[in-house]
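Residue numbers (mature numbering (1 follows the signal peptide of the UniProt record, and there is no 0)): -34 to -1, 1 to 683. C-beta atoms are modelled at their ideal positions from N, C-alpha and C, and glycine is treated no differently. This one's a predicted model, so the numbers in the text were calculated from it and none came from an experiment. Data block below; observations after.
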Amino acid sequence: MTRTGPSFSRLLMMGCIPLAGLSALAVTAPCVRAQDAAVSGMSTASPPVARDPASSRPVGHPAPTAEPASASAPAQATSAQATDGHGGGNGDDDSPPAPRETVASEAAQSLHVASVPQDLRSPSIALGGLFAAIGGAHLAPDFKTVADSRPDEAPATLLQDWETQRKRPGFSLKAFYEQHFTPPIRRDVSYRRTADESIFDYIQGMWSVLTRQPDKPLPYSSLLPLPYAYVVPGGRFSELYYWDTYFTMIGLYESGQWDLLRGMIKDMASLIDRYGHIPNGTRTYYLSRSEPPFFSLMVDLLAQHDGQDAYRRFLPQLQKEYDYWMEGADRLKPGDAYRHAVRLDDGTLLARHWDDLDTPRDESYPEDVATASKASDRAPSEVYRDLRAGSETGWDFSSRWLADGHTLSTIHTTDLAPIELNCLLVHLEQTLEHAYALTGQRKRAQFYGARADERTATIRRVFWDERRGAFFDYDWRKGKLTDVLSSATAVPLFLRLASQSQAVAVADTISARLLRPGGIMATDRESGQQWDAPNGWAPEEWMAIKGLNNYGISDLAETIARRWMTRVIGTYEKSGVLLEKYDVASPTISASGGKGGGEYPMQIGFGWTNGTLLGLMRRYPEVTDRILKRNPLANQASIEALPPIDPYSAVGPRPAAPAQGQAPEKPAGDVETGAQPPVTPAKAAGSGNPSSARDGITPPPLDDRVPTRKMTAFQPS
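Here you go:
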C-alpha cells in the first residue's frame, strides 16, 4: 500500500513529537527528512489528520492510494449500497477513504481522561534506541517481561542517562536495565488442587486467583488501567485479552458471577470509548491492533441476565466497534484494500486482520527481528506488519497465515480474509440491527439487517469449497481459497450462517481430518506453530461442539465433547492444573499437556479452558459423570452439585414473529435464546446463590436454546 508520509508512531520514536504536544501534531521539516532517510524503502503509515469533532472520521485530508486487490470473488456477488451513513462509511461520494490516524495519536487524544494519566506510547516508541538495544541483548527468556517492566523515571530522562552511560568503559546494559526498571509482579497462578479437590471446586477456586481488581495507573507503566475487576487468562498473560475474555465469561455465566461478568463488559466498553476499539490486550503496545470481535457475543451473554436493556446500554460501543472494523469500507473502490477492509474486483466486501504499525512487536521484539532477517526477499516492515496482524487473529501463529505452510518468515496475514473474522462481523451487524430496532431506529436497523444478510451470503459463497466440504480462508490477492483446513471451518455453524448441506459436509470433514483421541486439532498441518496440529484449543472445541449441535449433528458434537473433556480432566488428574492448550492427537494423556509449540512455554490457568469446560460439563452431565467416576480422587463431586445456569436460558416455545415496528428477538447468551421471564426468580443462578442447584431450579444449559427468527433466517425449513 502506498503511503503519503512518515507515520505518527515513527515520528514519536524519533523524538520529533514531545509527549506534551501529542494531541496537536507539529512536525518540523528537518525531522521529516531525517525520518525519510531512516526508513527509505519501508512502508509507513499516513500522518495524522484533522477530525470532525462530531465524528471519529478524518476530514479535509488528501486520500492515500489504496492497497490494490488483484483478485475477485466467484460470480453472483452482491454489494451493500445502502447509504445510511453508518458503519464505516465516510460519506456518499466516490473518493477513496481518508487515512486513519495511527493509534499513538488516538491514544494521545485520550490523555485528558482522568483515569488514564499515563504516557500511552508503547515502550518501543517511548524508549526508542534503548528498547532496541535491550531487545538485542536477550536479557530475559521471555521478552514480554521486559516489555512489561516499568521505567523508574521518565523515558526522556532515562534515554539521556543511557546515552551518557553507554559511552563509558565497562558499561553493562544488563546492570542498567536492572537499576532503572521494575519488572512486572506476576501473581502466582500455579495454584494446584488439594488432595481431594474436584475439578469443579478447582475451577471455582481459580476465579479468585485469576481475578484482578480495578487498576491504579502507575507512572510510565505499559498497563492500561481498567475501572472494574476482571479475569486474566493466566501464566504470562497477566492483563485482559479481548477474545479470551468471551470464553472465560462462559464460565462466569455458568457460575452465576454476574457482577464480575458485567464489570468485564463495562471494561471492554471503556476501552472502546477511550481508544475507539478494544485492543489486543490492556497494554500500550497492544493499542495498534485488536483481536477477533467478540464484543457483541459478550453483550448477548449479559442479556441472559439483564434482559434486552443490555443492547440499549451498549449500543454506542457496539457501533464504535463496527466503525473500527469497517473504516473506509464504503468508499473503497473495487480491487482495493484499506486497513481491515478489502473490496474485491466484483465489489464483494471482505475483512482481514491489520495492525497500524510495521515494527517489531514490543512483547516479542528479538524474535520478530530474527524472523524478519530470514526473509531475504521482503522488507522487514512488511514481515513485521504481518506478524502484528497475525497476533490480531488470536491464532499466533498458524500455518493458516504462512505462505509456505511452515516457515514463519513467509507470513502474509494481510493477504488473507479469515473465516471467523468475517462471520463475527455478521453477528455484530445482526446485533446492531436488533439494538437499533429496540431503540425505535428502524432505518438503521434495516440497514444493518441488509448488511448482515449480504455478508451471510458472502460467507456461503466465497469461503465455501464444495469439493473439500469445508470453509477455508480466502487469499484475496490470489483470488482463491487457501489449502489449510482449520477448526475455524466450524465457526459458520457456531453462528448459524451455513446452510444445512454445508453443515453436514463440514461435520464429515471434521470427523475425517481433524478429529483425534483428545478432540479436534486446530489445523491438519504440523508446522511447529502452536495453532496447528497436534494442538487443540478450548475456543475451537467449544465453537465446533456448539455449531454441530446448532444443526442437529449431535452425535459428532458429543464425541468431540467427550474426547476433549476426557483429555482436559485427565490432564488435571495427572498435573493438578488446567492448561492453555492440549495435544489432542496423542493416544495417551500427558501431565504436561503435550508438545506445546509456538513462541512461549505451556501456560497454566487458564481462563478460556476453565470457562468452556464448565459450559460443557453443564451441557453433557452424563458424559461428565462417566469421566469423573474414573477420576482417582476420592471426593470427586457429582455433576448435580454444580449450580444451574441462569433461568433466562430456559427453553420456551418458538417466539412469534414480532409485530410491525417491534424489535426482532435477538440472540441472548451464546447466539440463540429462549423465552425470557421478566423477573429473575429468587435463588436463581443469576442471583449468585450457589445453593440454587439443590433447590430444584435446573434450567437447560447455555447450549440448549430455541433459535430466534433472525438467526434462522438462513436456515432451511
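Three-way DSSP call (helix, strand, coil) for S477 in this model: Translated into the one-based positions of the sequence shown, residue 477 becomes position 511. In the structure shown, S477 sits in a helix (DSSP, three-state: H, G or I).
Under the three-state DSSP convention, the category P191 falls into: Walking along the sequence shown from the start, residue 191 turns up at place 225. P191: coil per DSSP, three-state reduction.
With distances taken from CA atoms, which of Y251, Y208, A473 is nearest R359? For this step, residue 359 is matched to residue 393 along the sequence shown. Correcting the residue type first, residue 359 is Thr in the shown sequence and not Arg. If we check each option's Cα against that of T359, Y208 comes out closest.
CA-CA distance, V457 and L387? Taking the sequence shown and counting its residues from 1, the one referred to as residue 457 is at position 491. Taking the sequence shown and counting its residues from 1, the one referred to as residue 387 is at position 421. Approximately 9 Å between the Cα atoms of the pair.
Simplified DSSP assignment, three categories, for T554: The count along the sequence shown starts at 1 and reaches residue 554 at position 588. Looking at T554 - three-state DSSP - the assignment turns out to be coil, as it is neither helix nor strand.
Identify which residue in K140, Y350, S90, L124 has its Cα closest to the Cα of A106. Within the sequence shown, numbered from 1, the residue matching residue 106 stands at position 140. Residue K140 is the option with its Cα nearest to A106.
For H319, collect the residues of the same chain with a Cβ closer than 6 Å to its Cβ; drop the 5 residues on either side in sequence, then sort them by chain order. For this step, residue 319 is matched to residue 353 along the sequence shown. Around H319: A355, E358, T359, T379.
Could you spell out where the alpha helix (DSSP H) holding A295 opens and where it closes? Taking the first residue of the sequence shown as 1, we reach residue 295 at position 329. For A295, there is no enclosing alpha helix (DSSP H), as DSSP marks it with neither H nor E.
Nearest to A276 by alpha carbon, out of F572, H243, K232? The sequence position of residue 276 within the sequence shown is 310, counting from 1. Cα-wise, what sits closest to A276 is K232.
Could you tell me the distance, in whole angstroms, from the CA atom of L93 to the CA atom of V349? Within the sequence shown, residue 93 is the residue found at index 127, counting from 1. Within the sequence shown, residue 349 is the residue found at index 383, counting from 1. Their backbone Cα atoms lie some 22 Å apart in a straight line.
Grab me the residues of G406's own chain with a C-beta within less than 6 Å of its C-beta, minus the 5 sequence neighbours each way, in chain order. On the sequence shown, position 440 is the one that residue 406 refers to. Result list for G406: empty, nothing under 6 Å.
Using the beta-carbon count (16 or more within 10 Å), is D239 buried or exposed? Counting from one through the sequence shown, the residue named residue 239 turns up at place 273. Burial call: exposed.
Closest residue to P199 among P121, T177, P191, S188 (Cα-Cα distance): Residue 199 sits at position 233 when you count from the first residue of the sequence shown. Among P121, T177, P191, S188, the Cα nearest to that of P199 belongs to T177.
Local conformation of L268 per DSSP, three classes: What you label residue 268 is simply residue 302 of the sequence shown in a count that begins at 1. Residue state, collapsed to three classes: helix.
DSSP beta-bridge partners for N501? Start at 1 with the first residue of the sequence shown, and residue 501 comes out as number 535. Answer by DSSP bridge pairing, in chain order: D549.
Using alpha carbons as the reference points, say which of S364, S204, G542 lies closest to I169. Numbered from 1 along the sequence shown, position 203 holds the residue referred to as residue 169. With distances taken between Cα atoms, I169 lies closest to G542.
Local conformation of L125 per DSSP, three classes: Here residue 125 refers to the residue found at position 159 of the sequence shown. Of the three classes helix, strand and coil, the one that applies to L125 here is helix, per DSSP.
Drop a sphere of 10 angstroms on the beta-carbon of A478, count the other beta-carbons inside from all chains shown, and report buried for 16 or more, exposed for fewer. As a first step, residue 478 must be located in the sequence shown, where it is residue number 512. A478 is exposed by the Cβ-count criterion.
Backbone secondary structure at Y586 - three-state DSSP: As a first step, residue 586 must be located in the sequence shown, where it is residue number 620. Three-state DSSP puts Y586 in coil, outside helix and strand.
Strand pairing of L368, partner residues [DSSP]: Counting from 1 along the sequence shown, the entry for residue 368 is found at position 402. Looking at the DSSP assignment, L368 forms a beta bridge with I377.
Can E507 and S453 be called in contact, C-beta distance under 9 Å? One-based indexing of the sequence shown puts residue 507 at position 541. One-based indexing of the sequence shown puts residue 453 at position 487. Going by C-beta atoms, E507 is nearer than 9 Å to S453.
Could you have a look at T525 and say whether DSSP puts it in helix, strand or coil? Residue mapping note: residue 525 aligns to position 559 of the sequence shown, counting from 1. Correct three-state label for T525: helix.
For I377, is the classification buried or exposed, using 16 other Cβ atoms within 10 angstroms of its Cβ as the cut-off for buried? Along the sequence shown, one-based indexing puts residue 377 at 411. When all chains shown are included, I377 counts as buried.
What are the start and end residues of the beta strand (DSSP E) that includes A317? To locate residue 317, count along the sequence shown from 1; it is residue 351. Residues 315 to 317.
Distance, Cα to Cα, N246 vs S256? Position 280 of the sequence shown, counted from the first residue, corresponds to residue 246. Position 290 of the sequence shown, counted from the first residue, corresponds to residue 256. If you take the alpha carbons of N246 and S256, they lie about 4 Å apart.
For I486, the three-state DSSP class (helix, strand or coil): Your numbering for residue 486 matches position 520 in the sequence shown. Reduced to three states, the DSSP call for I486 is strand.
Taking the beta carbon of Q270 as the centre, do at least 16 other beta carbons fall within 10 Å, making it buried, or is it exposed? Taking the first residue of the sequence shown as position 1, residue 270 is located at position 304. By the neighbour-count rule (16 or more Cβ atoms within 10 Å), Q270 is buried.
When you compare the segment 458 to 465 with the segment 508 to 527, are there three or more beta-carbon pairs, one atom per stretch, that lie closer than 8 Å? yes
Evaluate contact between the segment 97 to 112 and the segment 328 to 343, counting only Cβ atoms and requiring at least three cross-stretch pairs below 8 Å. yes
Touching by the beta-carbon criterion (3+ pairs, under 8 Å), the segment 189 to 199 and the segment 217 to 233: yes
Use the C-beta contact count for T214: other C-beta atoms within 10 angstroms, 16 or more gives buried, fewer gives exposed. By 1-based counting over the sequence shown, the position of residue 214 is 248. Classification for T214: buried.
Whole angstroms is fine: what's the gap from E546's alpha carbon to W367's? Position 580 of the sequence shown, counting from 1, holds the residue named residue 546. Position 401 of the sequence shown, counting from 1, holds the residue named residue 367. Those two C-alpha atoms are separated by around 21 Å.
Between the beta-carbon of S364 and the beta-carbon of T475, is there less than 9 Å? Translated into positions along the sequence shown, residue 364 becomes position 398. Translated into positions along the sequence shown, residue 475 becomes position 509. It is not a contact, given that the beta carbons lie outside the stated cut-off.
List the residues that DSSP assigns as beta-bridge partners of V197. Numbered from its first residue, the sequence shown carries residue 197 at position 231. Beta-bridge partners assigned by DSSP to V197: T177.
Look up R249 in the DSSP assignment and give the residues it is bridged to. By 1-based counting over the sequence shown, the position of residue 249 is 283. Looking at the DSSP assignment, R249 forms a beta bridge with L189.
Top-ranked residue by Cα proximity to L253, from A113, Y241, A235: Numbered from its first residue, the sequence shown carries residue 253 at position 287. If we check each option's Cα against that of L253, Y241 comes out closest.
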